[in-house]
Every structure is written in C-alpha cells, then in structure tokens.
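According to UniProt numbering, numbering within the sequence shown proceeds without interruption in unit steps and concludes at 193.
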Amino acid sequence: MIYSFCRAVLRVIYKALFRLEAKGMENIPQEGGVLLCANHISLLDPPTIGILLNRKVHFMAKKELFDIIGLGWLIKELGAFPVKRGSVSKESIKTSLTLLRDGHVMGIFPEGHRAKGEDMGVGKKGAATFALRSDAVVIPAAIIGNYKLFRKVTVVYGEPIDMDQFKEAPKTEAVDLATDAIMSRITELKQSI
1 MIYSFCRAVL
11 RVIYKALFRL
21 EAKGMENIPQ
31 EGGVLLCANH
41 ISLLDPPTIG
51 ILLNRKVHFM
61 AKKELFDIIG
71 LGWLIKELGA
81 FPVKRGSVSK
91 ESIKTSLTLL
101 RDGHVMGIFP
111 EGHRAKGEDM
121 GVGKKGAATF
131 ALRSDAVVIP
141 AAIIGNYKLF
151 RKVTVVYGEP
161 IDMDQFKEAP
171 KTEAVDLATD
181 AIMSRITELK
191 QSI
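Below you can see the structure in the form of structure tokens.
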C-alpha cells in the first residue's frame, strides 16, 4: 500500500521534473525473479529504475539509513534492506538470494557506487554472483540523462542476459565473465540513444 502510493507520487514528480520516460519495458518479465542491473549516476537512481514498473523493486541500502527515525521504517516499507558497506554482509546476501528465488524484483548497481562523468566504473562481482546463484532473469538497464530540471531522463531496459552460457565455466571464471557481460550490456544501452 505504501509502496504503491509512493510509486504513484514519484511517477508524477519524476515525469514533471525530469521528463522521465522508459524504453524496453516489455523486456521485464511480469513474474518470477528479476535482477535489474543499472549504471549509477545519482542518489535519485533507485526510484528512477523502479517507479515506472508495475512490480515492486527491492534495493540494498546502507545500514546507517535504517537507524534514522522514520526513514528506516519508510525505506523498509518501500522494499529496501540493509547492507554493511565495506564488508561482505552474509545477511544481505541471504536476503538478496531469497528475494530473487521467491520471484521478486531486485535492483542493483554493479559498480557499487556512483560513477562520475560518462564513464562507468568497474563492475563488482555481486550482481553476477546473485544472478548465477538465483537463476533470476538478468535485465541490464541504463539511466541516460543528468537530472537537470525539465531535461529528459530516460531508462532503457535491455533484453535479458543469458546467464546459462557462463554456468559451465569454473565458478570464479563464470562470475568474472558474467560481470563483464552485464557491464558491457549496460554500456551498450547507454550508447543506444
């Protein structure tokens, strides 16, 4: 209920302020586990990749945000779950895999942090690891624009990436190959408009 209300409000705000539009929404399955992998340019990115979809999108958020009175409750209601930054959090890994295996949508920024400028950062292995371990559908996405008022921001959702092609390789190599594939597809989508 809270998610639907906030999504509706943010749709209006983002469309008015950033002329938000999406392309390729037909690539997102209407059911089953989905891992949305996008570039990360701003704090505004999580709503950007999720508010135009009709499915709830879950995100990791730094643990400290959950300690802020009111905000912690709100972001939890909106589908966020805590992650300890700078270390491997077994609980956040478990939560991610459970969400994906249970047929939910999770958004992730493979770079792990916001990238400055047009160039993407190096992809971390988390997104590929979740994809390979959960069998979720992997959808690359690119956020194009810079959130200047009344200038267009576009989200392009690409076709699913076939993760099966990496499963025959040794585990470490499979994760590296899948990470490279995810980052390459996001880069291609960024250049598609």
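For each residue, glycine too, the CB sits at the ideal point set by N, CA and C.
Assigned with DSSP and collapsed to three states, Y14 falls in helix. With 16 or more other CB atoms across the displayed protein chains lying within 10 angstroms of its CB, E111 is buried.
For M163, no beta strand (DSSP E) encloses it, and the DSSP letter there is neither H nor E.
For A80, no alpha helix (DSSP H) run applies; the uninterrupted beta strand (DSSP E) run containing it begins and ends at A80 to V83, by DSSP. Distance from V57 to G79 at the Cβ level is roughly 6 Å; contact confirmed, criterion being Cβ atoms closer than 8 Å.
Cβ atoms of L36 and V83 stay farther apart than 8 Å, at about 16 Å.
Contact between F59 and G123 is ruled out by a C-beta separation of about 17 Å, above the 8 Å threshold.
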